[in-house]
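Undergrad: Have a look at this one before I ask anything.
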Amino acid sequence: MTTQTQATSVTTSAEVQAPIERAFQVFTDGIGTWWNPDHHILQADLAEMVFEPRVGGNIIDRGTDGSECRWSRVLAYEPPDRVVFSWGISLSWELETDPAKTSEIEVAFTASGPDRTRVVLTHRHLDRHGDGWENMRNAVGSGWDLTRYAEAAAQ
Amino acid sequence: MTNQGAALTALADPTRREIFERLARSPSAVGELARELPVSRPAVSQHLKILKSAGLVIDYAAGNRRVYSVDPAGLAAIRDYFEQFWQQSLARFQAAASQPIQENP
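Note that the protein sequences, when read in sequence, are chains A and B.
Counting in the working numbering, the first sequence runs without a single skipped number right up to 155 at its last residue.
Counting in the working numbering, the second sequence runs without a single skipped number right up to 260 at its last residue.
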């Protein structure tokens, strides 16, 4: 991996207490069970999330008013090992319609035991969002509410 | 960290945005950028000067060439943001995956 790649990507990993098939299933089909419901760009509140399980499918946010936002495209779908999807939201929190300006997320699942799975998530090509990064700095500055995450992580 | 106003102004120009995006993909010398873009070499130099003073790009000597690349501090804000975002999201995922699956009613 080159320095350039590292500079424009972030990697996070977690070990979950579940067989690999279930880890993959919860991440994809069950995305609505763990995704922070505050993280969406709909006008209305988030009612549900749909992960279309095929290459070329979308991740769809549906609002309580029936509106929907297809903010991601599935680029690779290889259960239970790997899934890749785009991040089609600009740094100013709008739907990014130009695929050249979307970054992508690869999630790799590896069984580390019969009931344990290691999940490595890499969000890469972040530089594709380059021209809006000052907006992102504002978002970083205002900060996320860490409390609820700390509670979930503490389980 | 860079001056935010200067960075916003610098990137308001489409040619500079194009140069910045190209540098984010791969560090380049002035000549290389001028060849690939419909602007003259002096114009590219001028754009780079503005991007550099806005804290968006850095330059360094590579042999007898001067190479420009995106200032890592600029990208750092994006990286920090997503690092935090995914750490928090994976913590939630971890909690969800480690519990029995609940069927939708």
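From the three backbone atoms N, C-alpha and C, an ideal C-beta is built for every residue, glycine too.
Between A:H40, A:H129, A:S67, which has its C-alpha nearest R234 of chain B's C-alpha?
TA: As a first step, residue 234 of chain B must be located in the second sequence, where it is residue number 79. Taking only the C-alpha atoms, the option nearest R234 of chain B is A:H129.
Undergrad: Taking the CB atoms as reference points, tell me whether L203 of chain B and F175 of chain B lie closer together than 7 Å.
TA: Here residue 203 of chain B is taken as the residue at index 48 of the second sequence, counted from 1. Here residue 175 of chain B is taken as the residue at index 20 of the second sequence, counted from 1. No.
Undergrad: Is there contact here, the stretch 60-67 of chain A with the stretch 77-85 of chain A, by at least three beta-carbon pairs under 8 Å?
TA: no
Undergrad: Using 7 Å as the limit for Cβ to Cβ distance, is D127 of chain A near chain B?
TA: Looking up residue 127 of chain A in the first sequence gives position 127. D127 of chain A counts as touching chain B.
Undergrad: What is the DSSP secondary structure of H39 of chain A, counted as helix, strand or coil?
TA: On the first sequence, position 39 is the one that residue 39 of chain A refers to. Note: H39 of chain A maps to coil in three-state DSSP.
Undergrad: Could you tell me the distance, in whole angstroms, from the CA atom of D45 of chain A to the CA atom of V10 of chain A?
TA: For the purposes of this step, residue 45 of chain A is identified with residue 45 of the first sequence, where counting begins at 1. For the purposes of this step, residue 10 of chain A is identified with residue 10 of the first sequence, where counting begins at 1. Their backbone Cα atoms lie some 29 Å apart in a straight line.
Undergrad: Determine, for V26 of chain A, whether the minimum Cβ-Cβ distance to residues of chain B falls below 7 Å.
TA: Taking the first residue of the first sequence as position 1, residue 26 of chain A is located at position 26. Put simply, the CB of V26 of chain A is near chain B, with a gap under 7 Å to one of its CB atoms.
Undergrad: Give me, in chain order, the residues of the same chain whose beta-carbon lies closer than 6 Å to that of G88 of chain A; leave out the 5 immediate sequence neighbours on both sides.
TA: In the first sequence, residue 88 of chain A corresponds to position 88, counting from 1. Excluding sequence neighbours, G88 of chain A sits near W71, S72, E96, T102.
Undergrad: Counting only beta-carbon separations shorter than 7 Å, does W34 of chain A have a partner in chain B?
TA: Indexing the first sequence from 1 puts residue 34 of chain A at position 34. Closer than 7 Å: yes.
Undergrad: Could you tell me which residues DSSP pairs with S72 of chain A in its beta bridges?
TA: What you label residue 72 of chain A is simply residue 72 of the first sequence in a count that begins at 1. Looking at the DSSP assignment, S72 of chain A forms a beta bridge with A:I59.
Undergrad: Does any C-beta atom of chain A lie closer than 7 Å to the C-beta of R177 of chain B?
TA: Residue mapping note: residue 177 of chain B aligns to position 22 of the second sequence, counting from 1. For R177 of chain B, the closest Cβ of chain A is not nearer than 7 Å.
Undergrad: Measure the C-alpha to C-alpha separation of P53 of chain A and L188 of chain B and round it to an integer number of angstroms.
TA: Stepping through the first sequence from its first residue, residue 53 of chain A is reached at position 53. Stepping through the second sequence from its first residue, residue 188 of chain B is reached at position 33. P53 of chain A and L188 of chain B have their C-alpha atoms some 41 Å from each other.
Undergrad: What residues from chain A crowd round V222 of chain B, counting only those whose CB sits closer than 8 Å?
TA: In the second sequence, counting from the first residue as 1, residue 222 of chain B sits at position 67. In chain order: nothing, as chain A lies at least about 12 Å away.
Undergrad: Would you kindly check if the distance between the Cβ of A209 of chain B and the Cβ of A165 of chain B is under 7 Å?
TA: Within the second sequence, the letter at position 10 stands for residue 165 of chain B. Within the second sequence, the letter at position 54 stands for residue 209 of chain B. Contact flag set, yes.
Undergrad: For R22 of chain A, does the three-state DSSP call read helix, strand or coil?
TA: Your numbering for residue 22 of chain A matches position 22 in the first sequence. R22 of chain A: helix per DSSP, three-state reduction.
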